[in-house]
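S.K.: Taken in order, these protein sequences are the chains called A and B. Heads up: the first sequence at position 97 corresponds to 97 in the working numbering, and the numbers run straight through without jumps. Heads up: the second sequence at position 7 corresponds to 7 in the working numbering, and the numbers run straight through without jumps. Cβ coordinates follow ideal geometry from the N, Cα and C atoms, glycine included. Being a predicted model, the structure only gives us computed values, none of them experimental.
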Amino acid sequence: MTNDERQEPPVIPPAIEPLSDTAWARVERGVWSRLDADAAPAAAAVRGSPWRSWRPVWAPLAAAAVIALVIGVVHDSPERAPLGEPSRAVSGASPSTISFGDVHIELDPQTALGMSHETGQPIASLERGAAWFTVAPR
Amino acid sequence: MALPASAVRERDLELARRAATGDRAAQRALFVEQRAQVHRALYRVLGSNRDIEDLLQDSFIEIFRALPSFRGDSSLARWCQTIAMRVAYLALSRRRPPTVELSLVEEIVSDDRDLSRQAHAREVARRLYAALDRIDIKYRIAFALAVIDGRSLAEVAALTEASVVAVKTRVWRARRQLAQRARKDAVLTAYLQDLSGAQP
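This is the structure:
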C-alpha cells in the first residue's frame, strides 16, 4: 500500500459482502434441522442476557450469606453446637451431610467448609464448592 | 407505502405467534424477512463472512426458541438483531485469542481506480478488524455498530441491552484503544480519522 493510495479515502464504511444463495440455503437447512432436533441444551446459555456476568458477584455473596446464616443459627440455637475448636468439613467426589443440633448442612462434591469460634462468635467460611443449610422451624 | 407503526407491530406479533407454534411457513417467512438485517449486524461485528454461517444458524435458532417471549415492545427486526448480538458476544468471548497473521499485502497493479479503491478498502478493513480483535468485545460491538455501521447510540444501546451512556463510553474507549493500536499504522490511523469524520 503506497502513500498515493492513502490520498484517496477508502469506501466508508467497508462494504458488506453478500452471502451467496448456496450459503443461505446451507444456513436455512441447518436452522430447520436443528430446530427439528431441538438441541435445547446447546443454546440454553444464550437465553439470558450474556452482557452482564453475575458469576463473580454471586460466589462471594453466597459465601457471605452462608456465613451470616450459620452465625445467626448457631448463635440463636438453644443447643449450641460444640464449635470451641476450629474444624473443617471437606467432601470428596460425592455430596456429604453434617448435622449438629437442628442445623443440617449439605455439602456438594468437592466442597470445603471451615468452622471456628472467634471472639465468642461462631464463624463458618466456605472455602470452595457449595453448601446448603437447613434449620428447623423455631 | 410504509405501514404505520401499530400495523407493523400487529403484523410482527402475528408472525411471531405463528412461528412460535412451529408453523414452518411462518418460520420461513420470518427467516427470509430478517436474515439480511441479522447478517448485516453480524457482519459489522465480525468484519467478514468467515464463521458467519454458524453464527447465523445460532442466531436464528435462538430467535425461534425465544419467540414465545416476543411482546412487540420493539420491532421484530430489532429484537432479532438483539439476539444476534448476544450470540455474537458469546461467540467472540469463546473464541481463541487472536493470532497474528503473516500475510503478504497484494500489490495493486491495476490501473482501474475503482479496483484500486476496493482493494485498498478491503486491506484497510482487514487491518481495522485485526485491531478490533484485540480490544474488549463490548467495545468492539459498540464501535462496529455505532461507528462502522453508523447506527444511533440509542439503537446500539437497545441492541446491546445497555444504557446510552454505557454505549457512548464503550465507543469512546474503543476509539482510544484503536488509536493506540494504530499508532504505527498510518493507513489505519487515517482510516479511523475518516470514520470519525463520517460520524455525526
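#1: Can you list, in chain order, the residues of its chain whose CB lies under 6 Å from that of B:F143, leaving out five sequence neighbours each side?
#2: Note down, in chain order, every chain A residue with its Cβ under 8 Å from the Cβ of B:Q263.
#3: Report the neighbours of A:A15 on chain E: residues whose CB is nearer than 9 Å to its CB, in chain order.
#4: Once DSSP output is grouped into helix, strand and coil, what is the label at B:A162?
#5: Under a Cβ-count criterion, where at least 16 other Cβ atoms within 10 Å of its own Cβ denotes burial, should B:K184 be classed as buried or exposed?
#6: Bridge partners of A:H104, per DSSP?
#7: Residues bridged to A:G114 by DSSP?
#8: Beta-carbon within less than 8 Å of B:F31's beta-carbon, same chain only, minus the 5 sequence neighbours each way: which residues are those?
#9: Identify which residue in A:F133, A:S20 and A:S116 has its Cα closest to the Cα of A:D108.
#10: Candidates B:A66, B:L55, B:S116 and B:A121: which alpha carbon is nearest A:V27's?
#11: With H, G and I counted as helix, E and B as strand and the rest as coil, what does DSSP make of A:I12?
#12: On the criterion of 16 or more Cβ atoms from any shown chain inside 10 Å, does B:R50 qualify as buried, or is it exposed?
#13: By Cβ distance, which residues of its chain are closer than 7 Å to B:V87, with the 5 residues on each side in sequence left out?
#14: Hey, how far is the Cα of B:E14 from the Cα of B:L46?
#15: With respect to the alpha helix (DSSP H) encompassing B:S74, which residues constitute its N-terminal and C-terminal limits?
#16: For chain A, is any of its Cβ atoms less than 8 Å away from the one on B:R40?
#17: Establish whether the CB of A:A37 and some CB of chain B are separated by less than 8 Å.
#18: Using a C-beta cutoff of 8 Å, does A:L107 count as contacting chain B?
#19: Label A:E8 either buried or exposed according to how many other C-beta atoms from any shown protein chain fall within 10 Å of its C-beta, with 16 as the threshold for buried.
#20: Grouping DSSP H, G and I as helix and E and B as strand, with all else coil, what is B:R181?
#21: Would you grab the beta carbon distance between B:L132 and B:R140 for me? Rounded to a whole angstrom, and I think it's under 8 Å.
#22: Pick helix, strand or coil for B:E10, following the three-state DSSP scheme.
#23: Grouping DSSP H, G and I as helix and E and B as strand, with all else coil, what is A:W51?
#24: Using a C-beta cutoff of 8 Å, does A:P95 count as contacting chain B?
#25: Grouping DSSP H, G and I as helix and E and B as strand, with all else coil, what is A:A40?
#26: Whole angstroms are fine: how far does the CA of A:T111 sit from the CA of A:E139?
#27: Going by other Cβ atoms of all chains shown within 10 Å of its Cβ, with 16 needed for buried, is B:T160 buried or exposed?
#28: Rounded to whole angstroms, what is the Cα-Cα separation between B:L3 and B:D12?
#29: If the cut is a Cβ gap below 9 Å, which residues of chain A does B:T160 touch?
#30: Locate the alpha helix (DSSP H) running through B:A2, then write down its first and last residues.
#31: Below 9 Å between beta carbons is the criterion; list the residues of the segment 144-176 of chain B that meet it against any residue of chain A, in chain order.
#32: I'd like to confirm something about A:V31: is its beta-carbon nearer than 7 Å to some heavy atom of the ligand MN, or not?
#33: Could you spell out the range, first to last residue, of the alpha helix (DSSP H) harbouring B:D54?
#34: Just the C-alpha distance for A:S87 and A:S99, rounded to the nearest angstrom, thanks.
M.R.: Per the coordinate set shown:
#1: Walking along the second sequence from the start, residue 143 of chain B turns up at place 143. Here B:F143 has V171 and A174 as same chain residues with Cβ atoms under 6 Å from its own Cβ, once five neighbours each way along the sequence are excluded.
#2: Since the first residue of chain B shown is 1 and the last is 200, residue 263 of chain B is not available in this structure.
#3: No chain E is present in this structure, whose protein chains are A and B.
#4: Counting from 1 along the second sequence, the entry for residue 162 of chain B is found at position 162. Looking at B:A162 - three-state DSSP - the assignment turns out to be coil, as it is neither helix nor strand.
#5: Taking the second sequence and counting its residues from 1, the one referred to as residue 184 of chain B is at position 184. Classification for B:K184: exposed.
#6: Sequence index remark: in the first sequence, residue 104 of chain A carries index 104 (1-based). A:S99 and A:T134, per the DSSP bridge assignment.
#7: Counting from 1 along the first sequence, the entry for residue 114 of chain A is found at position 114. Answer by DSSP bridge pairing, in chain order: A:R88 and A:S125.
#8: Residue 31 of chain B sits at position 31 when you count from the first residue of the second sequence. So the list reads F60, once near-sequence residues are dropped.
#9: Counted from its first residue, the first sequence places residue 108 of chain A at position 108. Answer by Cα proximity: A:F133.
#10: Along the first sequence, one-based indexing puts residue 27 of chain A at 27. When each option's Cα is compared against that of A:V27, the closest is B:L55.
#11: The residue labelled residue 12 of chain A in the question sits at position 12 within the first sequence. In the structure shown, A:I12 sits in coil (DSSP, three-state: anything other than H, G, I, E or B).
#12: Here residue 50 of chain B corresponds to residue number 50 of the second sequence, with the count starting at 1. Note on B:R50: under 16 other CB atoms within 10 angstroms of its CB, so exposed under the neighbour-count rule.
#13: Locating residue 87 of chain B in the second sequence gives position 87, where the first residue counts as 1. Same-chain partners within the cutoff: L55, D58, S59 and E62.
#14: Here residue 14 of chain B refers to the residue found at position 14 of the second sequence. Here residue 46 of chain B refers to the residue found at position 46 of the second sequence. Cα-Cα distance, rounded: 32 Å.
#15: Walking along the second sequence from the start, residue 74 of chain B turns up at place 74. For B:S74, no alpha helix (DSSP H) encloses it, and the DSSP letter there is neither H nor E.
#16: Mapped onto the second sequence, residue 40 of chain B falls at position 40. The C-beta of B:R40 comes closer than 8 Å to at least one C-beta of chain A.
#17: Numbered from its first residue, the first sequence carries residue 37 of chain A at position 37. No, A:A37 does not count as interfacial toward chain B.
#18: Walking along the first sequence from the start, residue 107 of chain A turns up at place 107. False, the Cβ-Cβ gap to chain B never drops below 8 Å.
#19: Taking the first sequence and counting its residues from 1, one reaches residue 8 of chain A at position 8. For A:E8, the pLDDT reaches just 46, beneath the cut-off of 50, and the residue's location in the model is therefore unreliable, although a value from the coordinates is still provided. Residue burial is scored here from C-beta neighbours: A:E8 has fewer than 16 other C-beta atoms within 10 angstroms and is therefore classed as exposed.
#20: Within the second sequence, the letter at position 181 stands for residue 181 of chain B. Judged by DSSP in its simplified three-state form, B:R181 adopts helix.
#21: Position 132 of the second sequence, counting from 1, holds the residue named residue 132 of chain B. Position 140 of the second sequence, counting from 1, holds the residue named residue 140 of chain B. With a Cβ gap of about 5 Å, B:L132 and B:R140 count as contacting.
#22: Locating residue 10 of chain B in the second sequence gives position 10, where the first residue counts as 1. Note: B:E10 maps to helix in three-state DSSP.
#23: For this step, residue 51 of chain A is matched to residue 51 along the first sequence. The answer is coil: DSSP assigns A:W51 none of H, G, I, E or B.
#24: Indexing the first sequence from 1 puts residue 95 of chain A at position 95. Closer than 8 Å to the CB of A:P95 there is not a single CB belonging to chain B.
#25: Along the first sequence, read from residue 1 onward, the residue named residue 40 of chain A stands at position 40. Model confidence at A:A40 stands at a pLDDT of 48, short of 50, so the residue's coordinates are unreliable; what they give is reported in the following sentence. When DSSP states are grouped into helix, strand and coil, A:A40 belongs to the helix group.
#26: Given a span of 1 to 138 for chain A in the structure shown, any question on residue 139 of chain A remains unanswerable.
#27: Against the second sequence, residue 160 of chain B aligns to sequence position 160. B:T160 is classed as buried because its beta carbon has at least 16 other beta carbons within 10 Å across all chains shown.
#28: By 1-based counting over the second sequence, the position of residue 3 of chain B is 3. By 1-based counting over the second sequence, the position of residue 12 of chain B is 12. Here the alpha carbons of B:D12 and B:L3 stand approximately 12 Å from one another.
#29: The sequence position of residue 160 of chain B within the second sequence is 160, counting from 1. Neighbours of B:T160 in chain A, taken as residues at a C-beta separation under 9 Å, are given in chain order as W51.
#30: As a first step, residue 2 of chain B must be located in the second sequence, where it is residue number 2. Looking at the DSSP string, B:A2 is not in any alpha helix (DSSP H), and its letter there is neither H nor E.
#31: Listed by position, the residues of the segment 144-176 of chain B near chain A (Cβ gap below 9 Å) are V147, I148, D149, G150, T160, E161 and A162.
#32: The ligand MN is not among the ligands present in this structure, which contains no ligands whatsoever.
#33: Mapped onto the second sequence, residue 54 of chain B falls at position 54. Element bounds for B:D54: I52 to A66.
#34: On the first sequence, residue 87 of chain A is found 87 positions in, with the first residue counted as 1. On the first sequence, residue 99 of chain A is found 99 positions in, with the first residue counted as 1. If you take the alpha carbons of A:S87 and A:S99, they lie about 14 Å apart.
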